Each structure stands twice: as structure tokens, then as C-alpha cells.
Amino acid sequence: MSETFNEQVYDVVRRIPRGRVATYGQVAALAGRPRAARFVGFALHANPEPGVIPCHRVVFRDGSLAPGFAFGGPGEQRRLLETEGVMFVPPDDDSVNAGADGWRVDMAQCQWRE
DNA sequence: ACCGTGACCAGCC
DNA sequence: CGGCTGGCCACGG
């Protein structure tokens with residue numbers, strides 16, 4: 013229980029089932045700090061245990077992926093999620109999001125819910 | 001021991 | 001409708 017917020021974030025992220033994704037804000041809320049979504053991202057980038065914490069299952073509220081992602085290369089995160097069964101949706105004609113090829117996770121079906 | 005910084009989200013003007 | 005700021009925590013130099 014004396015774990016820091018970061019540790020609790022890792023614990024929550026580890027609980028994300030395969031084929032499902034969670035938002036930074038949701039992880040923050042489950043970690044006990046609904047206003048600390050910023051630090052969730054930082055926590056994962058600051059000291060993620062390689063091969064243990066599925067950081068690739070954590071996405072933006074919009075469903076887009078994190079910039080500067082480094083599992084093995086940009087776009088690798090998307091392929092990992094697709095491999096797990098996460099569905100992606102094509103970008104809107106007006107909305108073009110760089111860093112994710114414009115493709116977003118189908119939050120309507122793949123967002124992790126308790 | 002202090003200050004700065006870091007994968008966000010939502011409210012406000 | 002759009003852009004900007006605030007909030008929150010831990011860790012490195």
C-alpha cells in the first residue's frame with residue numbers, strides 16, 4: 013500500500029486484459045488519481061518494466077496512440093493491438109492525426125471496462 | 001534539498 | 001467554435 017502513484021499505475025496497466033485498451037484518464041482514475049492522467053503517461057515512460065507492462069494497451073481519450081512510442085518502432089503499437097484483436101477505425105476526412113497514421117482504436121468496442 | 005520536467009484531460013474565456 | 005491553462009505526482013540533475 014505504500015506504493016507510489018507510479019507503482020499503482022503499473023499495477024492497473026498490468027490488469028488490462030488482452031484485446032482491450034484503456035485511456036490514460038481511466039488508468040489514472042483506477043490508480044486513485046482521476047486528475048493525474050498526465051503522470052500516467054509519464055509513469056509509463058519513466059520506468060516501465062520491459063516485457064511486463066503492456067503500455068501499448070494504453071491510448072488517448074480520442075483512441076489515438078501515444079507519440080514517441082518506442083517498443084520497436086512507431087506503428088508497432090498498432091500492429092500489436094491488431095494482433096491482440098483490437099479493432100481500428102479509419103480517420104475522418106476532416107480529422108488527420110499525425111503520429112498514428114490517422115487510424116484510431118475503436119473505443120466503442122475495445123475500451124476496457126470493468 | 002530544490003527546481004524543472006514529463007505518453008494527458010477537461011474546463012473556461 | 002477554438003485556443004489556452006490548470007491540476008496532479010514522482011523522479012533526475
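So this note's numbering is basically just the index in the first sequence, starting at one, shifted up by 12.
Ideal placement from N, C-alpha and C gives every residue a C-beta, glycine not left out.
Because the structure is a prediction, the values reported are computed rather than measured.
Q.
When you compare the segment 49 to 59 with the segment 90 to 101, are there three or more beta-carbon pairs, one atom per stretch, that lie closer than 8 Å?
A. Too few Cβ pairs lie closer than 8 Å, so no.
**Q.** 8 Å Cβ shell around valine 25 - same chain, five flanking residues per side excluded
**A.** Here the set comprises Ala34, Val39, Leu56, Ile65, Pro66, Cys67, Arg69 and Val70.
Q. Valine 71 by DSSP, collapsed to three states: which one?
A. DSSP places valine 71 in strand when its eight states are reduced to three.
Q | Coarse secondary structure for alanine 34, derived from DSSP in three states | A | Three-state result, alanine 34: strand.
Q. Looking only at C-alpha atoms, which of Pro62, Gly53, Ser76 and Arg32 sits nearest to valine 21?
A. Its Cα nearest to that of valine 21, the residue Gly53 stands out among Pro62, Gly53, Ser76 and Arg32.
Q: Under the assumption that tryptophan 124 contacts arginine 32 (Cβ atoms under 8 Å), give the Cβ distance between them as a whole number of angstroms.
A: Cβ-Cβ separation between tryptophan 124 and arginine 32: approximately 4 Å, consistent with a contact (criterion under 8 Å).
Q | Spatially closest choice to alanine 58 from Gln121, Val101 and Phe17, by CA coordinates | A | Among Gln121, Val101 and Phe17, the Cα nearest to that of alanine 58 belongs to Phe17.
Q: Just confirm the distance between the C-beta atoms of aspartate 74 and methionine 99, as a whole number of angstroms; I'd bet it's less than 8 Å.
A: At roughly 15 Å, the Cβ-Cβ gap does not stay under 8 Å, so aspartate 74 and methionine 99 are not in contact.
Q: Look up glutamine 123 in the DSSP assignment and give the residues it is bridged to.
A: BP columns for glutamine 123 point to Val33.
Q: Give the DSSP-derived three-state secondary structure of arginine 116 in the structure shown.
A: DSSP places arginine 116 in strand when its eight states are reduced to three.
Q | Cα-Cα separation between glutamate 88 and glycine 80, rounded to whole angstroms | A | Counting only the Cα atoms, glycine 80 lies some 12 Å from glutamate 88.
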